[in-house]
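Participant: Sequential numbering of the first sequence, starting at 7, is according to the numbering used here.
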Amino acid sequence: MSRISKIKGFFDLFPPESTVYVFMEETARQMFARYAYQEIKIPILEQTELFARSIGLETDVVQKEMYTFQDRKGRSLTMRPEATAGVIRAYIDSPASGSGNVSRYFTAGPMFRYERPQKGRARQFHQVNVEMLGEDSAFADGEVLSMLWSYLQNLGLHKLNMQINSLGCAKCRPKFDAGLRKFLAGLDQNSLCTDCQRRAMSNPMRVLDCKSQGCREVASKAPLILDSLCTECRVHFRHVLEILENFNIDYELNPYLVRGLDYYQRTTFEVISADIGAQSAVAGGGRYDGLVRDLGGPDVPGIGFACGMERLALLLQNIQERPLDFYLAVLHQDAMEKAMILTQRLRGKGFHGEMGFQVKSIKSQLRSANKKNVKTCLLIGLDELKGGQVQVKDMSTGVQRAVSQEDVEQALGLNLKSRAENFVHH
RNA sequence: GUGAGUGUAGCUCAGUCGGCAGAGCACCAGGUUGUGGCCCUGGGGGUCGUGGGUUCAAGUCCCAUCACUCACCCCA
């Protein structure tokens, strides 16, 4: 039979890669819980209009990168290209949005964008996403940014660069846009790339972010949004930077940082790695104070970020599962039943391990136990079956001794550190 | 959407002028009775991406096609 291939830009994850993803998610859960963020699960499929209205009709994401299709009743649906819009939609639907309290959420899962795959970019990719709703003070920005930074530090990533900018608000941003349009219109249009000749009218701030040489020179002479902030935005931004300094977060002010989603205003930021190729942003986010209102909810401010798991994974190549506590080698068919009972008992006590289902030579079984990097190998054959014992072999020292079957837990415990519990049960 | 590059064993890759399909790693089995790692010996494994063409002969040359990779763009 012919095989069915996976579709372009979609990937299966097996160990050790999948282990890295579990590590990233578990670290996020532990970290974010300390900041009182609660995990939520939301749909992958939403009405197309949700993304069109929040991300912006003029953005590349909406114009050419969405998986959009009609369902059986002709409604236009879209596989989420990012998480924030869906979280806000869910928040508006929930009682929390009417409470007047601060809400802190995180969510993790797959996103979908129809792009050409390359290093650090896939059509299905995974994000860990954080949103704080209901607070517009700089302390909120400070909390979100320091939590992001702490998370990345906890993953063991210390060579990252945080870039930050302010895009102004509904009050000061339009004035700046108008001024920038004027500046760009006054230029020799040939000094801009063809894309930017168009952007100069449709979305002038994007010109500042363009990577082509000519546009960079233009951008270096263009007016800066940071010089046009209104008093409130200026005070807010200054306060955010102050908090980052107090927390020793080594940020870099980047007045050309413009993000690709229209809902951002005031604080925006990106975390960059120099070690993962052209797609260098491992995390990005910002404040979106008008978004909840624009999606039909109350006028509640918000700020959040997304971490790209595929890109973080490029930096986390040395994460491995904890080795098994034991491997039980069965040396005679008659010992198989006893071995199964023993294995089940050990698992019930919290030990991680497996037994061999085939009776093979000791050499072969020890070889495979060795390859699995287990701490302890248990052996049971005819002699042990008759004597009610099991051989316990420490694989690092090679020391082996016979132990009564009742005492195996204790014998294992001598060689093991206790397993960390992942959850607390009440 | 645009451009460049690469497709040979499970993985990483050699393969000369067109002349028998290869190596390392991995896997499996042995190296004295029931003892792993190091070492030694042996073994299993291939639609040379696919389809055409040129040729006595194609992994190698030509055309097409598919897949993958990187980059542009955009973004996490």
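Cβ atoms here follow ideal geometry from the backbone N, Cα and C, with glycine treated the same way.
Note down, in chain order, each residue of its chain lying with its Cβ closer than 8 Å to the Cβ of S208, except the 5 sequence neighbours on either side.
Facilitator: On the first sequence, position 202 is the one that residue 208 refers to. Same-chain partners within the cutoff: E64.
Participant: For I94, name the three-state secondary structure that DSSP assigns.
Facilitator: What you label residue 94 is simply residue 88 of the first sequence in a count that begins at 1. Looking at I94 - three-state DSSP - the assignment turns out to be helix.
Participant: Return yes when the Cβ of E88 is within less than 9 Å of the Cβ of L297, no when it is not.
Facilitator: Locating residue 297 in the first sequence gives position 291, where the first residue counts as 1. Locating residue 88 in the first sequence gives position 82, where the first residue counts as 1. No.
Participant: Mapping DSSP to helix, strand and coil, what is D334?
Facilitator: Taking the first sequence and counting its residues from 1, one reaches residue 334 at position 328. According to the sequence as given, residue 334 is Leu; it is not Asp. The answer is strand: DSSP assigns L334 an E or B state.
Participant: Between G162 and the rest of its own chain, which residues show a CB-CB distance below 8 Å, the 5 nearest in sequence each way excluded?
Facilitator: On the first sequence, position 156 is the one that residue 162 refers to. Contacts found: L322.
Participant: Hey, out of Y333, E55 and N196, whose CA is closest to T74's CA?
Facilitator: In the first sequence, residue 74 corresponds to position 68, counting from 1. With distances taken between Cα atoms, T74 lies closest to E55.
Participant: Less than 9 Å between the beta carbons of K177 and C236, yes or no?
Facilitator: Here residue 177 corresponds to residue number 171 of the first sequence, with the count starting at 1. Here residue 236 corresponds to residue number 230 of the first sequence, with the count starting at 1. Going by C-beta atoms, K177 is nearer than 9 Å to C236.
Participant: Can you list the beta strand (DSSP E) stretches of 3 or more residues lying completely in the segment 166-229, in chain order?
Facilitator: 167-172
Participant: Note down the Cα distance separating E415 from M401, rounded to an integer number of angstroms.
Facilitator: Walking along the first sequence from the start, residue 415 turns up at place 409. Walking along the first sequence from the start, residue 401 turns up at place 395. Their Cα atoms are separated by approximately 17 Å.
Participant: Starting from K383, follow its DSSP beta bridges and name the residues at the other end.
Facilitator: Here residue 383 refers to the residue found at position 377 of the first sequence. A small fix is needed here, since residue 383 is Cys in this sequence, not Lys. BP columns for C383 point to Y333 and K399.
Participant: Cβ of A128 within 9 Å of Cβ of G290?
Facilitator: Sequence index remark: in the first sequence, residue 128 carries index 122 (1-based). Sequence index remark: in the first sequence, residue 290 carries index 284 (1-based). In this structure, G290 does not lie closer than 9 Å to A128 by Cβ.
Participant: For N135, count neighbouring C-beta atoms within 10 Å of its own C-beta (all shown protein chains included) and say buried if the count is 16 or more, exposed if not.
Facilitator: Position 129 of the first sequence, counted from the start, is the residue given in the question as residue 135. Looking at its Cβ environment, which holds 16 or more other Cβ atoms inside 10 Å, N135 is buried.
Participant: Should N376 go down as buried or exposed, given a rule of 16 or more other Cβ atoms within 10 Å for buried?
Facilitator: As a working note, residue 376 is residue 370 in the first sequence. N376 is exposed by the Cβ-count criterion.
Participant: Going by beta-carbon coordinates alone, are A341 and I386 separated by less than 9 Å?
Facilitator: Here residue 341 refers to the residue found at position 335 of the first sequence. Here residue 386 refers to the residue found at position 380 of the first sequence. Going by C-beta atoms, A341 is nearer than 9 Å to I386.
Participant: Smallest Cα separation from I94: which of P22, L388 and G308?
Facilitator: Counting from one through the first sequence, the residue named residue 94 turns up at place 88. Of the listed residues, the one whose Cα sits closest to I94 is G308.
Participant: Which residue comes first and which comes last in the alpha helix (DSSP H) that contains S410?
Facilitator: Numbered from its first residue, the first sequence carries residue 410 at position 404. That residue, S410, is in no alpha helix (DSSP H); its beta strand (DSSP E) goes Q406 to S410.
Participant: Are the segment 166-181 and the segment 268-288 touching, with three or more C-beta to C-beta distances below 8 Å?
Facilitator: yes
Participant: In angstroms with no decimal places, state the Cα-to-Cα distance between I347 and D389.
Facilitator: Here residue 347 refers to the residue found at position 341 when the first sequence is read from its first residue. Here residue 389 refers to the residue found at position 383 when the first sequence is read from its first residue. Rounded to whole angstroms, the separation of the alpha carbons of D389 and I347 is 17 Å.
Participant: Can you tell me whether T403 is buried or exposed, with buried defined as 16 or more other CB within 10 angstroms of its CB?
Facilitator: Here residue 403 corresponds to residue number 397 of the first sequence, with the count starting at 1. Its Cβ having fewer than 16 others within 10 Å, T403 is exposed.
Participant: Return the first residue and the last residue of the alpha helix (DSSP H) that E88 is part of.
Facilitator: Position 82 of the first sequence, counted from the start, is the residue given in the question as residue 88. Per DSSP, E88 belongs to no alpha helix (DSSP H) and is neither H nor E.
Participant: Quick one: any contact between the segment 28-46 and the segment 243-254, if contact means 3 or more CB pairs under 8 Å?
Facilitator: no
Participant: Can you tell me which of P261, L337, F131 and E149 puts its alpha carbon nearest to the alpha carbon of Y137?
Facilitator: Residue mapping note: residue 137 aligns to position 131 of the first sequence, counting from 1. Position check: residue 137 holds Glu in this sequence, whereas Tyr was assumed. Residue E149 is the option with its Cα nearest to E137.
Participant: Give every residue of the same chain whose Cβ lies closer than 8 Å to the Cβ of L301, excluding the five residues on either side of it in the sequence, and list them in chain order.
Facilitator: Position 295 of the first sequence, counted from the first residue, corresponds to residue 301. Only L56, R59, S60, A91, I94, R95 and I98 meet the Cβ criterion.
Participant: Who are the near neighbours of L19 in its chain, counting only those whose CB is closer than 8 Å to its CB and skipping five residues on each side?
Facilitator: The count along the first sequence starts at 1 and reaches residue 19 at position 13. Excluding sequence neighbours, L19 sits near Y27.
Participant: Have a look at E141, R86, P304 and G174 and flag the residue whose alpha-carbon is nearest the alpha-carbon of H132.
Facilitator: For the purposes of this step, residue 132 is taken as residue 126 along the first sequence, with counting starting at 1. When each option's Cα is compared against that of H132, the closest is R86.
Participant: In the DSSP assignment, the beta strand (DSSP E) including A312 goes from what residue to what residue?
Facilitator: Stepping through the first sequence from its first residue, residue 312 is reached at position 306. Element bounds for A312: G308 to G314.
Participant: Does the beta-carbon distance from L151 to V288 come in below 9 Å?
Facilitator: Within the first sequence, the letter at position 145 stands for residue 151. Within the first sequence, the letter at position 282 stands for residue 288. Cβ atoms of L151 and V288: not closer than 9 Å.
Participant: Contact defined as beta carbons within less than 8 Å: I believe Q406 pairs with Q395. What is the distance between those atoms, to the nearest angstrom?
Facilitator: Here residue 406 refers to the residue found at position 400 of the first sequence. Here residue 395 refers to the residue found at position 389 of the first sequence. No, Q406 and Q395 are not in contact; Cβ-Cβ is about 12 Å, not under 8 Å.
Participant: Rank K79, M153, E223 and I50 by C-alpha distance to the C-alpha of G115 and give the top, closest one.
Facilitator: As a working note, residue 115 is residue 109 in the first sequence. Of the candidates K79, M153, E223 and I50, the one whose C-alpha sits nearest the C-alpha of G115 is I50.
Participant: May I have the straight-line CA-CA distance separating G314 from R204, to the nearest angstrom?
Facilitator: The sequence position of residue 314 within the first sequence is 308, counting from 1. The sequence position of residue 204 within the first sequence is 198, counting from 1. Going from the Cα of G314 to the Cα of R204 covers about 30 Å.
Participant: Quick check on the DSSP output: the alpha helix (DSSP H) that includes I61 runs from which residue to which?
Facilitator: As a first step, residue 61 is located in the first sequence; it is residue number 55 there, counting from the start. Where I61 is concerned, the enclosing alpha helix (DSSP H) stretches over T54 to I61.
Participant: Would you decide whether T200 is buried or exposed? Buried here means 16 or more other CB atoms lie within 10 Å of its CB.
Facilitator: Numbered from its first residue, the first sequence carries residue 200 at position 194. T200 should be labelled exposed.
Participant: Please state whether the Cβ-Cβ distance between E316 and G174 is less than 9 Å.
Facilitator: On the first sequence, residue 316 is found 310 positions in, with the first residue counted as 1. On the first sequence, residue 174 is found 168 positions in, with the first residue counted as 1. Their beta carbons are not under 9 Å apart, which means E316 does not touch G174 by this criterion.
Participant: Mind checking whether R119 and E52 have CB atoms under 9 Å apart?
Facilitator: Position 113 of the first sequence, counted from the start, is the residue given in the question as residue 119. Position 46 of the first sequence, counted from the start, is the residue given in the question as residue 52. No, the pair does not count as a contact, with Cβ atoms beyond the cut-off.
Participant: If D142 sits next to V246, beta carbons under 8 Å apart, how far is it from one beta carbon to the other, in whole angstroms?
Facilitator: Here the question's residue 142 lines up with position 136 in the first sequence. Here the question's residue 246 lines up with position 240 in the first sequence. Rounded, the Cβ-Cβ distance is 12 Å, inconsistent with contact.
Participant: Does DSSP put Y157 in a helix, in a strand, or in coil?
Facilitator: Within the first sequence, numbered from 1, the residue matching residue 157 stands at position 151. Here Y157 sits in helix by DSSP.
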